[in-house]
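Note sheet for the following structure.
2 protein chains.
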Amino acid sequence: MTMTAAQIAAALADIVGSDGVVSDPGKMGAWLNEPRKRFHQNAAAVVMPASVAAVQAVMRWANENRVGIIPQGGNTGLVGAQVPLSGQEVILSLQKLDNIRSIDTAAGVMTAEAGVILENAHKAAEAKGAMFPLWLASQGSARIGGVLSSNAGGVNVLAYGNARELTMGVEAVLADGRLYQGLNALKKDNTGYDLKDLLVGAEGTLGIITAASLKLYPLPEDYETAIVNVASPEAALDLFQLMRQRAGSRLNAFELIPWIGLDIQLRHGMLDADPTASASPWYALIELTRMAGTEPGALQSALEAAFEEALISDAVVAESLSDRTRMWAFREQMSECQSREGASIKHDVSVPIAAVPALIAEGSAAAEKLSPGIRPVPFGHMGDGNIHFNFSMPVGADPKAFMAQYDEAMHAVIYEVVLRHGGSVSAEHGIGQLKVGLLKQVKDPVALEMMGAIKTALDPKGILNPGKMLG
Amino acid sequence: MTMTAAQIAAALADIVGSDGVVSDPGKMGAWLNEPRKRFHQNAAAVVMPASVAAVQAVMRWANENRVGIIPQGGNTGLVGAQVPLSGQEVILSLQKLDNIRSIDTAAGVMTAEAGVILENAHKAAEAKGAMFPLWLASQGSARIGGVLSSNAGGVNVLAYGNARELTMGVEAVLADGRLYQGLNALKKDNTGYDLKDLLVGAEGTLGIITAASLKLYPLPEDYETAIVNVASPEAALDLFQLMRQRAGSRLNAFELIPWIGLDIQLRHGMLDADPTASASPWYALIELTRMAGTEPGALQSALEAAFEEALISDAVVAESLSDRTRMWAFREQMSECQSREGASIKHDVSVPIAAVPALIAEGSAAAEKLSPGIRPVPFGHMGDGNIHFNFSMPVGADPKAFMAQYDEAMHAVIYEVVLRHGGSVSAEHGIGQLKVGLLKQVKDPVALEMMGAIKTALDPKGILNPGKMLG
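Those sequence lines, one after another, are chains A and B.
End of the first sequence = 475 in the numbering used here, gap-free, step of one.
End of the second sequence = 475 in the numbering used here, gap-free, step of one.
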């Protein structure tokens, strides 16, 4: 009774019109080719409903016919949640649902549909003098629905939280086409279970988010940004505590970067000038917000205190927008710059903040033992305990041979250290199809049972993003 | 096959020992008598397990024998979630699970068991130079498990969020005795569904929280506190926006109080001095945090800007700890002071912040129409859109006759206004048994269906806090 791809495409065209369906596999590249080119399965079809009612109609049909549906936003996810697994699924793109339904700065809320591109949400908020404070490298193509379904993070989680904490409510279509109407603009609402947070971060396995009410914040008057030299991750941790004591929630970002990141970027001409004060084994990029009517200088004075306590040895504070832009480019190019040095093995992990130095020390030592000459490039959101613990191949190694020999083995080594420190094997990017097996190994078994029970309760036929997250 | 109370008590004594069971109804007052004396049902027994394993054993027994279990913390809830409904239930008090398992200020986390009294959690954090920023009027008796199960709020939600946002992870015993081990100290963890937030705020209907990892914050150096005169809720809203623009997340509290609250407290001798600058129809209590190494004066300078924009007409800034204490006493006595003026009808509601002035105007007018001479006393967390919209009876009215005639009718009138503005009929206190019927009327029906499906999936025999929240 399985439908053919042609039958599926015809049925979908009946629901949304033929201009809302792509049935030729040769034309599906935009929806199939994900950023890291790890997953290579076809889809039965791509459907692009142009209204919430059309999403509901597609789901009613899919549920009746037991057709697997993969919700997709901007196709920027890194774990394969948004692309096919079996090849029999339909990709349901939310790209045509791209209206910003309302912005109310007095209430501090923007209601955006799932297909709104993150950068467009930023611009719409700024045009009204407000800010939606979630910044990602992929913000020019990532869409709100995917950002929420993956509970995206980014560089300002420290001050504003991740996507979950920036969402007040969601509207979602369930597996059988029912519409959950959970949009609201309330800071407090204790009327029942927290369905919003269940749908956020569920990778489309429990429902399809069609719109969300997002928190807006006042635009800061300005930022104070610096790159400081720290001797070690331990010193960076002490510096982080000092900054939190003095700046509280004005501390907008605290990013750790190793010397090798600067070296690579300068050697490959990726920076127009050195954004640091001087050579150092480690750098921290620190940023404070400055609100209207307050004097600048808080960062400078905190750094002076840090000098006195010998936590930092040198520093440069941005004196212009171009200084700040260069500092952030240095940070944001950290992932990309590794590709200039051949193959690299990547881990998106978190540990309790206090365990970051041990994670880096023990992980680097274990990696060197496994693969002598390997170059650790741990960097990222120290203030969240979230380190992108990456490794570049030894100088002169063969990329393919390196990956074949060490990719899987290195994951095992690093995850062992992470788990020993009570950490997470997916801090930001989620589970998707990439980490389904890993999740089963490391997650509390009762948590997995609870997840399975909830999945079955809300999607009894298992048609929503089948095989993702839960396997 | 229903067990008698004596059989239940005997079985429980076999599990936890006879000193962990109260079977004499005459000795159950501490667990049955809740703050507002609205609910008057007996319990089959009270059981006080002294370990997580004992909680598991009780739940295995209860699930096998289909005995309803009501988890209870400090018995301070206001909607009857923590007391019996049928009289056949067993109250499972977490009071003996009162260890603080660990405090790690570098990681910013405290792991506290469910029976820890909130005030003891405050003291333990402060002894380590940190802060757990959740303050309630009932903090001397409220326990962490209940605080989380009701997703409690309080006066500093504006800066730090409610209980949900202050919780990193929970440990919980499920209906059949399985243990969900979700404690962690991670700021970011995208490995599966958000089970923590499902258990927080579920009023013990999905699992029994036995411990939680709670976020700690640096202690501010000091606070800047003021009471300012505002002409109207509209002016208070404009002032709130100005304060957010200038103070960002340093804005710790923004509480609205009507003149009648001052009048009542002064007439009844509840304040040793007038905490305000001068007479005004409305007051706002505003507080900013000041972090270490920063200069005082931010509140003063913001208030000068507010004067220039004619948003406030007078103000007094606290110059001493006793000034600050008196200002907060004025705010915290708002609920209690109403009892000095006879009967009152109370509503714990929220609306989008921008709708607070309309809520107060329309709700007050509708109340006056229903009950001429009634005295509106709307006060509370303006910055969260959360107003305790209370009404004192007309001067000289008979309390019993007033309540009999107007209590239910007034609820209908106020909830109509709240819902018309997209608000919540239970902003802070939850559903329990008090608002089960109301929830069915006002909640999105698909949300209720999802809640029911999740409840059945996790507690198929319906033994966890039966009849609460979902009915």
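In this text, a Cβ means the ideal position worked out from N, Cα and C, and glycines have one as well.
Secondary structure in the segment 222-293 of chain B: the beta strand (DSSP E) runs of 3 residues or longer, each lying completely within the stretch, are 226-234, 255-262 in chain order. Identification of chain B residues near V450(A) by a Cβ-Cβ cut-off of 8 angstroms yields L178, R182, L183, Y184, Q185, ordered along the chain. Pairing H425(A) with V355(A), the inter-Cα distance amounts to about 6 angstroms. Between the C-alpha atoms of A257(A) and Y221(B) there is a straight-line separation of about 16 angstroms.
When the five nearest sequence neighbours on each side are left out, the beta carbons in the same chain lying within less than 8 angstroms of the beta carbon of P137(A) are those of N160, A163, Y164, L170, Y221, in order along the chain. Taking a C-beta cut-off of 8 angstroms against chain B, the contacting residues of the segment 221-235 of chain A are Y221, P222, P224, listed in chain order. Non-local beta-carbon contacts of L190(A) in its own chain, meaning distances under 8 angstroms to residues more than five positions away in sequence, involve M172, G173 in chain order. For A309(A), the chain B residues whose C-beta falls within less than 8 angstroms of its own C-beta are G297, listed in chain order. Using a Cβ distance threshold of 7 angstroms, S153(A) and E117(A) do not count as a contacting pair.
In the pairwise beta carbon analysis, the segment 10-24 of chain B is classified as touching the segment 47-57 of chain B: at least three pairs are separated by under 8 angstroms. Counting only Cβ-Cβ distances below 8 angstroms, I435(A) has contacts in chain B at N194, T195, G196, in chain order. In this structure the segment 267-274 of chain B does not touch the segment 252-271 of chain A; the number of beta carbon pairs closer than 8 angstroms is below three. The C-alpha of R40(B) is placed about 17 angstroms away from the C-alpha of V440(B). Here DSSP, grouped into helix, strand and coil, assigns E117(A) to strand. I290(B) and M247(B) do touch by the CB rule: their CB atoms are close to 6 angstroms apart, below 8 angstroms. Annotated as proximal: V232(A) and A288(A), with beta-carbon spacing under 7 angstroms. Counting every other CB atom within 10 Å of its CB across the protein chains shown gives D276(B) a total below 16, marking it as exposed.
The beta carbon of Q249(B) sits closer than 7 angstroms to some beta carbon of chain A.
Rounded to whole angstroms, E123(A) and G434(A) show a C-alpha spacing of 21 angstroms. The alpha-carbon of L255(A) is positioned some 16 angstroms away from that of E299(A). A distance below 6 angstroms between beta-carbons, with the five flanking residues on each side excluded, links D226(B) to the following residues of its chain, in chain order: R294. For P75(B), DSSP records a beta bridge to L96(B). The Cβ atoms of L241(B) and P361(B) sit closer than 7 angstroms to each other. In the same chain as E432(B), and ignoring 5 residues on each side of it, the C-beta atoms closer than 6 angstroms to its own belong to G157, D352, in chain order. Between A457(A) and L462(B) a beta carbon distance of about 6 angstroms is seen, short of the 8 angstroms cut, so the two are scored as contacting.
Here L325(B) is exposed, its C-beta having fewer than 16 other C-beta atoms within 10 Å. Chain B has no Cβ within less than 7 angstroms of the Cβ of S324(A). Residues of the segment 245-269 of chain A with a C-beta atom less than 8 angstroms from some C-beta of chain B are Q245, R248, Q249, R250, A251, G252, S253, R254, listed in chain order. Within a 10 Å sphere around the beta-carbon of S55(A) sit fewer than 16 other beta-carbons, which makes this residue exposed. When Cβ-Cβ separations below 7 angstroms define contact, K191(B) makes contact with chain A. Here DSSP, grouped into helix, strand and coil, assigns M135(B) to strand. The Cβ atoms of A251(A) and I213(A) do not sit closer than 7 angstroms to each other. By the CB criterion at 7 angstroms, M114(B) and L218(B) fall inside the cutoff.
With contacts defined by Cβ atoms closer than 7 angstroms, Q86(A) and Q99(A) do not form a contacting pair. For R168(A), the C-beta contacts it makes with chain B under 9 angstroms involve D198, D201, in order along the chain. Residue-level contact check: A111(A) touches chain B, since one or more beta carbons of chain B fall below 7 angstroms from its beta carbon.
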